[in-house]
Amino acid sequence: QQQVKQSPQSLIVQKGGISIINCAYENTAFDYFPWYQQFPGKGPALLIAIRPDVSEKKEGRFTISFNKSAKQFSLHIMDSQPGDSATYFCAATTDRGSTLGRLYFGRGTQLTVWP
Amino acid sequence: GAVVSQHPSWVICKSGTSVKIECRSLDFQATTMFWYRQFPKQSLMLMATSNEGSKATYEQGVEKDKFLINHASLTLSTLTVTSAHPEDSSFYICSASLQISSQPQHFGDGTRLSIL
Numbered sequence: 001q002q003q004v005k006q007s008p009q010s011l012i013v014q015k016g017g018i019s020i021i022n023c024a025y026e027n028t029a030f031d032y033f034p035w036y037q038q039f040p041g042k043g044p045a046l047l048i049a050i051r052p053d054v055s056e057k058k059e060g061r062f063t064i065s066f067n068k069s070a071k072q073f074s075l076h077i078m079d080s081q082p083g084d085s086a087t088y089f090c091a092a093t094t095d096r097g098s099t100l101g102r103l104y105f106g107r108g109t110q111l112t113v114w115p
Numbered sequence: 001g002a003v004v005s006q007h008p009s010w011v012i013c014k015s016g017t018s019v020k021i022e023c024r025s026l027d028f029q030a031t032t033m034f035w036y037r038q039f040p041k042q043s044l045m046l047m048a049t050s051n052e053g054s055k056a057t058y059e060q061g062v063e064k065d066k067f068l069i070n071h072a073s074l075t076l077s078t079l080t081v082t083s084a085h086p087e088d089s090s091f092y093i094c095s096a097s098l099q100i101s102s103q104p105q106h107f108g109d110g111t112r113l114s115i116l
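Chains as they are written, first to last, in this note's numbering: chain U, 1 to 115; chain P, 1 to 116.
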């Protein structure tokens, strides 16, 4: 069972446009929601993360929107650049219970930004 | 920021060989390390959670005798793929955190394993 569902699977955006990737989760115990960026042949790198006590977090061109009641969160990349072309993974985890600390990943979104 | 180093980055070997992959936390002490496997164009699949000084906890379906994990110090965990076969070819990635529930996890750059 996929704990975190991510869409779309692939996304093509023109340079300067906004890239939006969505994720949904079921487990209400999740309390930390990171986004990772992965380039081919590299490990994932943390991009930005949010906890459920806030509805939005912004770092530069990257913004997470979080809707606790809908159990959804999304990544917005403003002014998308060709260098943003990568695979993006959302994830979720909890500090409680037997699975504490384990990251549950979405399936990933391959973003291509055309110049 | 926190750095996790993985070695080797790429290895090719013959079927039947055992291969050891190292994961080091360079600037922090990692009580917990995680080992993942990733197939092309797929997500990361957790294989096991390793705590310093104790036995690793393996995910369902992961063969303990096939994938040996040792976490003997606070800065080093190793994954040994024993008697590797072509189906073990994959991208193996480790991550480390200060404590088991500590976030964020910091990922290594992965090891591309190719078994001929």
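Note that beta-carbon positions come from the ideal geometry of N, C-alpha and C, so glycine has one too.
Report task. Using a Cβ-Cβ cut-off of less than 9 angstroms, list which residues of the segment 85-96 of chain P approach chain U; keep chain order. Result -> From the segment 85-96 of chain P, only F91, I93, C94 and S95 have a Cβ closer than 9 angstroms to chain U.
Query raised in the report: Quick one: Cα of A92 of chain U to Cα of F105 of chain U, how far?
Result: Rounded to the nearest angstrom, the two C-alpha atoms are 7 angstroms apart.
Query raised in the report: By Cβ distance, which residues of its chain are closer than 8 angstroms to Q105 of chain P, with the 5 residues on each side in sequence left out?
Result: These residues qualify, in order along the chain: F34, S95, A96 and S97.
Query - A49 of chain U at chain P interface by Cβ criterion, 8 angstroms - result: At a cut-off of 8 angstroms between C-beta atoms, A49 of chain U counts as an interface residue with respect to chain P.
Query raised in the report: Is P44 of chain U helix, strand or coil when you go by DSSP?
Result: In the structure shown, P44 of chain U sits in coil (DSSP, three-state: anything other than H, G, I, E or B).
Query raised in the report: Do G43 of chain U and I21 of chain P have their C-beta atoms closer together than 8 angstroms?
Result: No, they are not a contact pair.
Requested in this report: Let me know if A48 of chain P comes out buried or exposed under the rule of 16 or more other beta-carbons within 10 Å of its beta-carbon.
Outcome: In the assembly as shown, A48 of chain P is a buried residue. Its beta-carbon has 16 or more other beta-carbons within 10 Å.
**Report entry** Neighbour flag for P104 of chain P against chain U, beta carbons, 8 angstroms
**Finding:** For P104 of chain P, the answer is yes, since a Cβ of chain U falls inside 8 angstroms of its Cβ.
Query raised in the report: Could you give the C-beta distance for C13 of chain P and A84 of chain P, rounded to a whole number, given that I count them as a contact under 8 angstroms?
Result: Contact between C13 of chain P and A84 of chain P holds, since their C-beta atoms are separated by about 7 angstroms, short of 8 angstroms.
Query raised in the report: Taking Cβ positions only, does Y25 of chain U come closer than 8 angstroms to chain P?
Result: No, Y25 of chain U does not count as interfacial toward chain P.
Query raised in the report: With a CB to CB cut of under 6 angstroms and the five nearest residues on each side skipped, what residues in its chain are close to V3 of chain P?
Result: Here the set comprises L26 and D27.
Query raised in the report: Any contact of the segment 57-76 of chain U with the segment 38-46 of chain P, i.e. 3+ C-beta pairs under 8 angstroms?
Result: With a cut-off of 8 angstroms, the segment 38-46 of chain P and the segment 57-76 of chain U do not count as touching, because too few Cβ pairs lie within range.
Query raised in the report: Rounded to a whole number of angstroms, what is the C-alpha to C-alpha distance between H71 of chain P and S69 of chain U?
Result: Between H71 of chain P and S69 of chain U, the alpha-carbon positions lie close to 40 angstroms from each other.
Requested in this report: Use the C-beta contact count for T75 of chain P: other C-beta atoms within 10 angstroms, 16 or more gives buried, fewer gives exposed.
Outcome: When all chains shown are included, T75 of chain P counts as buried.
Requested in this report: Quick one: grab the DSSP three-state call for Q22 of chain P.
Outcome: The displayed chain sequence assigns Glu, not Gln, to residue 22 of chain P. Strand.
Report task. Using a cut-off of 8 angstroms between C-beta atoms, extract the partners of G108 of chain P located in chain U. Result -> Here the neighbours are G43.
Query raised in the report: Is S43 of chain P close to chain U, meaning its C-beta is less than 8 angstroms from at least one C-beta of that chain?
Result: So yes, S43 of chain P belongs to the interface.
**Report entry** G46 of chain U vs D84 of chain U beta-carbon contact at 8 angstroms
**Finding:** The residue you asked about is not Gly; residue 46 of chain U is Leu in the sequence shown. Contact annotation: L46 of chain U and D84 of chain U have beta-carbon atoms that are not nearer than 8 angstroms.
Query raised in the report: Under 8 angstroms between C-beta atoms, does T31 of chain P make it to chain U?
Result: No, no contact with chain U.
Query raised in the report: Exposed or buried, T87 of chain U, counting other C-beta atoms within 10 Å across all chains shown (16 or more means buried)?
Result: Buried, since its Cβ has 16 or more Cβ neighbours within 10 Å.
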